[in-house]
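Trainee: These protein sequences, in sequence, are chains A and B.
Count the first sequence with this note's numbering and you get residues 1 to 348, in order.
Count the second sequence with this note's numbering and you get residues 349 to 696, in order.
Just so you know, even glycine gets a beta-carbon here, dropped at the ideal spot from N, CA and C.
All figures in this text were calculated on a predicted structure; none of them were measured in a lab.
I have a structure here, written as structure tokens, and I will follow up with some questions on it.
Protein chains: 2
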Amino acid sequence: MRVLVLGGGITGLKTAFTLSEFDIETIIVEKSSEIGGKVKRYDKIFPDFRSGKNLVKNLIASARNSPNITVLENSTVTNVAKNNRSYTASLSDGKIIEVDAIILTCGFEVFDATRQPEYGYSVYPNVITSMELESFLNPEGPTKGKLLRPSDGKVAKRIAIIFCVGSRNMKIGNPYCSRICCSYSTKQAIEIKENDEEAMVTCFYMDIRTYGRGFEEMYQYAQEIGVKYIRGRVSECSVLPDGNIQVRAENTLLGKPVQGVFDLVSLSVGMMPCVDAEELAGIFGIERGKDGFFLSKDDDLFPHDTSKEGVFLAGSITGLKPIRDCFLDAMSVSGRVVSYLTDLYKNR
Amino acid sequence: MRVLVLGGGITGLKTAFTLSEFDIETIIVEKSSEIGGKVKRYDKIFPDFRSGKNLVKNLIASARNSPNITVLENSTVTNVAKNNRSYTASLSDGKIIEVDAIILTCGFEVFDATRQPEYGYSVYPNVITSMELESFLNPEGPTKGKLLRPSDGKVAKRIAIIFCVGSRNMKIGNPYCSRICCSYSTKQAIEIKENDEEAMVTCFYMDIRTYGRGFEEMYQYAQEIGVKYIRGRVSECSVLPDGNIQVRAENTLLGKPVQGVFDLVSLSVGMMPCVDAEELAGIFGIERGKDGFFLSKDDDLFPHDTSKEGVFLAGSITGLKPIRDCFLDAMSVSGRVVSYLTDLYKNR
Chain A
1 MRVLVLGGGI TGLKTAFTLS EFDIETIIVE KSSEIGGKVK RYDKIFPDFR SGKNLVKNLI
61 ASARNSPNIT VLENSTVTNV AKNNRSYTAS LSDGKIIEVD AIILTCGFEV FDATRQPEYG
121 YSVYPNVITS MELESFLNPE GPTKGKLLRP SDGKVAKRIA IIFCVGSRNM KIGNPYCSRI
181 CCSYSTKQAI EIKENDEEAM VTCFYMDIRT YGRGFEEMYQ YAQEIGVKYI RGRVSECSVL
241 PDGNIQVRAE NTLLGKPVQG VFDLVSLSVG MMPCVDAEEL AGIFGIERGK DGFFLSKDDD
301 LFPHDTSKEG VFLAGSITGL KPIRDCFLDA MSVSGRVVSY LTDLYKNR
Chain B
349 MRVLVLGGGI TGLKTAFTLS EFDIETIIVE KSSEIGGKVK RYDKIFPDFR SGKNLVKNLI
409 ASARNSPNIT VLENSTVTNV AKNNRSYTAS LSDGKIIEVD AIILTCGFEV FDATRQPEYG
469 YSVYPNVITS MELESFLNPE GPTKGKLLRP SDGKVAKRIA IIFCVGSRNM KIGNPYCSRI
529 CCSYSTKQAI EIKENDEEAM VTCFYMDIRT YGRGFEEMYQ YAQEIGVKYI RGRVSECSVL
589 PDGNIQVRAE NTLLGKPVQG VFDLVSLSVG MMPCVDAEEL AGIFGIERGK DGFFLSKDDD
649 LFPHDTSKEG VFLAGSITGL KPIRDCFLDA MSVSGRVVSY LTDLYKNR
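If you want it as structure tokens, here you go:
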């Protein structure tokens, strides 16, 4: 029994590892040069501030050490054909593999902040994205964990975090909530305050969606240590001669416009379907929802099945998920696929 | 291989059914007189308004028809002892069963609205809870789907829904978010408007946490059909001589106090750990978190394992979950337990 797992992020790795516990062989096909996905860039993850990088390191080691798992990097699926009950997949490097089932764990893409030009990203150096803030906060990152602003290398003391960039916005065509931005931004705000007591962090938000277990408590802790939350959609960022950024918003709690000047502004970008979503949907002949993410056969009852027998979905390919939900999805899809393969071999 | 599943709600039923697909025998022990849990009381569930009752009906039928599943109703576990690698459980009816693993799926309890006396629940007849509203909205319920107010049987036209009752409230000792109240309340608001175009529905909220796939779109639809959302914590409900309810709140978006008079007020109650959580924790020797819900060995990596080998957790016992997450948890714990049992039998 052999399964193709497309995508070597945390969901793909955990899925392959779980399947290996059932003595099922998997081939992980990863388009980039290295498995581990986006989480390896996170020094700390929410809500418990454990190391995302270590989490991934361990997953990578498990995958590399398992005799049941083959990792093919720099590789994509270019074509797939069904033969009776198995699939033949052609890979970009010319390899052809035969598998009994396919699990797509292709994840997501980060919203391109230049699509909301009112925030000045890529124009004003001191407007950065949350992904860049994450690397600034990393002790092993380019600034060794210091918040040095790009324009002049000075330590940023007044930081604004703007939530919902690229999410819940009809105008840019992303009406959906990206689910994790409120929580990862709150985590970042806490890190800034814990690294530098004098730093002032102001979060501009719409609704605080810290809904998961431990997320709300993290949000309460952020408020306790002095992170300021202002409810309001930011209308504009503009640059002052000294490189500072002026943020204008309407404080919808006080019902009046507010503005503030900050050394550094971080845009908490939301999530988009993976860049090759359309292509993949075509290759595998499966459907995507209005939001661009992939559709399962039934969100409640068959969350991993697609309209194609033997092709399954897991992780953020069906919409953004926090890391712990990706792990859960990986374990759940593994069970589903084991049961599918058992049926398949019984009927042969 | 035999597994005890404690709890016959949707998580327990789905877990037993998934295990049966792996040819594993399960015994469901349910304390009430009927399996199916709370979801059988929901005529429609969010975000797609499918029938919760049918969902449960099908699950119950699957459990009853599976030769691998035994259902014991009106039964609880009174004692449990570990013998080498198996468990002996004593049940309240005197039965003694031997099993290889135990899965606790004991769910949650609804917050008791009388604990927030400022809302007048159980004092003013026209203040009801969201569970009662659910039964009013059910075409097969006591009012045949009509919103007749308890005091005089008149059709309610002005309805207030108060979110976060028993949630995110330090004073009553529930600092956590109950996760599903924003979404189920929005679903109820839509049902009211769709049943009666003239009905006016006003929701008092803190943050709208419609974070799941399709949840945000449901919230947008509610606004489109005229459901009104006012951001503010309600301070008090009081009754007028005609039975109408006056609601006082601070509209935190406009920064001023608001009040309104409504025919009927529904309190969107949050969730608590199951009533016998303390007792169960004692019997099984496992831990609970500060929030009272059960603790898994590791939220990310071992979400189903407890500190006791062979005892697993699934569903809302570790914190509230929407129905689709309960199903996912059920599938995921099943995979975990199959892998555990395989190991167990290998090593014997």
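#1: Please report the residue range of the alpha helix (DSSP H) in which A/R324 lies.
#2: What does A/G36 touch in chain B if you count any residue whose Cβ is under 8 angstroms from its own?
#3: Check whether the segment 557-564 of chain B and the segment 381-395 of chain B are in contact - that is, three or more C-beta pairs closer than 8 angstroms.
#4: Can you name the start and end residues of the alpha helix (DSSP H) that A/V56 belongs to?
#5: Name, please, each residue of chain A whose Cβ falls closer than 8 angstroms to the Cβ of B/V686.
#6: Residues of chain B with a CB under 7 angstroms from the CB of A/G319: which are they?
#7: Along the beta strand (DSSP E) that carries A/N251, what are the first and last residues, could you check?
#8: Keeping to the same chain, check which residues put their C-beta closer than 7 angstroms to that of B/T363; ignore five residues upstream and five downstream.
#9: Who pairs with A/F108 in a beta bridge, going by DSSP?
#10: For A/R179, return the contacting residues in chain B, with the cut-off set at a CB-CB distance below 7 angstroms.
#11: Does DSSP classify B/E482 as helix, strand or coil?
#12: Does the beta carbon of A/Q259 sit closer than 9 angstroms to a beta carbon anywhere in chain D?
#13: Whole angstroms is fine: what's the gap from B/D441's alpha carbon to B/S423's?
#14: In the DSSP assignment, the beta strand (DSSP E) including A/I230 goes from what residue to what residue?
#15: Tell me which residues share the same chain as A/Q259 and place their Cβ nearer than 8 angstroms to its Cβ, disregarding the 5 neighbours each side in the sequence.
#16: Kindly say whether B/K576, judged by its beta-carbon, lies nearer than 9 angstroms to any beta-carbon of chain A.
#17: For A/I208, return the contacting residues in chain B, with the cut-off set at a CB-CB distance below 7 angstroms.
#18: Out of curiosity, what's the CA-to-CA distance linking A/D100 and A/F327?
#19: Provide the residue span of the beta strand (DSSP E) that contains A/Q259, from first to last.
#20: Quick one: Cα of B/F459 to Cα of A/E217, how far?
#21: Please say whether A/S135 and A/P142 have beta carbons closer to each other than 9 angstroms?
#22: Let's test the definition: count the other Cβ atoms within 10 Å of the Cβ of B/L420 and tell me whether it reaches 16, buried, or not, exposed.
#23: How far does the alpha helix (DSSP H) with B/M570 in it reach, from first residue to last?
#24: In angstroms with no decimal places, state the Cα-to-Cα distance between A/F284 and A/S183.
#25: Taking Cβ-Cβ distances shorter than 7 angstroms, what residues in chain A pair up with B/S680?
#26: Report buried or exposed for A/V234, applying the criterion of at least 16 other Cβ atoms within 10 angstroms of its Cβ.
#27: Quick one: does B/F459 have its CB under 9 angstroms from some CB of chain A?
#28: Whole angstroms are fine: how far does the CA of A/K228 sit from the CA of A/Q220?
#29: List, in chain order, every chain B residue whose beta-carbon is nearer than 8 angstroms to that of A/T18.
#30: Note down the Cα distance separating B/V686 from B/F370, rounded to an integer number of angstroms.
#31: Please look up how many angstroms separate the CB atoms of B/L615 and B/V475, rounded, as I've assumed it's under 8 angstroms.
#32: Should A/L19 be labelled buried (16 or more other beta-carbon atoms within 10 Å of its own) or exposed?
#33: B/I634 touches chain A at which residues, Cβ-Cβ below 9 angstroms?
#34: Taking the C-alpha atoms as reference points, what is the distance between B/E457 and A/L147?
#35: Can you give, in chain order, each stretch of the beta strand (DSSP E) that sits fully within the segment 466-554 of chain B and has at least 3 residues?
#36: From the DSSP output, in three-state form, read off B/I556 for me.
Mentor: Walking through what the data contain:
#1: 323-346
#2: The contacting residues do not exist; A/G36 stays about 16 angstroms from chain B at best.
#3: The segment 557-564 of chain B, when compared against the segment 381-395 of chain B, does touch it at the 8 angstroms Cβ threshold.
#4: 52-65 is the span of the alpha helix (DSSP H), which, as asked, contains A/V56.
#5: By Cβ distance, chain A contributes F22, G335, V338.
#6: The answer, in chain order, is R561.
#7: 245-251
#8: V353, I451, T453, A662, A678, V681, S682
#9: A/P273
#10: Y559
#11: helix
#12: Absence of chain D from the displayed structure is noted, the protein chains being A and B.
#13: 7 angstroms
#14: 228-231
#15: Sequence-distant partners of A/Q259 (beyond 5 residues in either direction) whose C-beta falls short of 8 angstroms from its own C-beta, in its chain, are Q246, V247, R248, A249.
#16: no
#17: D555
#18: 23 angstroms
#19: 256-262
#20: Going by the C-alpha atoms only, they are around 19 angstroms apart.
#21: yes
#22: Buried, because 16 or more other Cβ atoms sit within 10 Å of the Cβ of B/L420.
#23: One detail in the question is off: residue 570 of chain B reads as Ala in this sequence, not Met. It spans 563-572 - the alpha helix (DSSP H) in which B/A570 sits, taken as one unbroken run.
#24: 34 angstroms
#25: L328, M331, S332, G335
#26: buried
#27: no
#28: 11 angstroms
#29: Under the 8 angstroms cutoff, chain B gives G683, S687.
#30: 8 angstroms
#31: So it is a contact: roughly 7 angstroms between Cβ atoms.
#32: buried
#33: Per Cβ cutoff of 9 angstroms: no residues; B/I634 is ~16 angstroms from chain A at best.
#34: 45 angstroms
#35: Runs of the beta strand (DSSP E) inside the segment 466-554 of chain B: 475-477, 506-513, 548-553.
#36: coil
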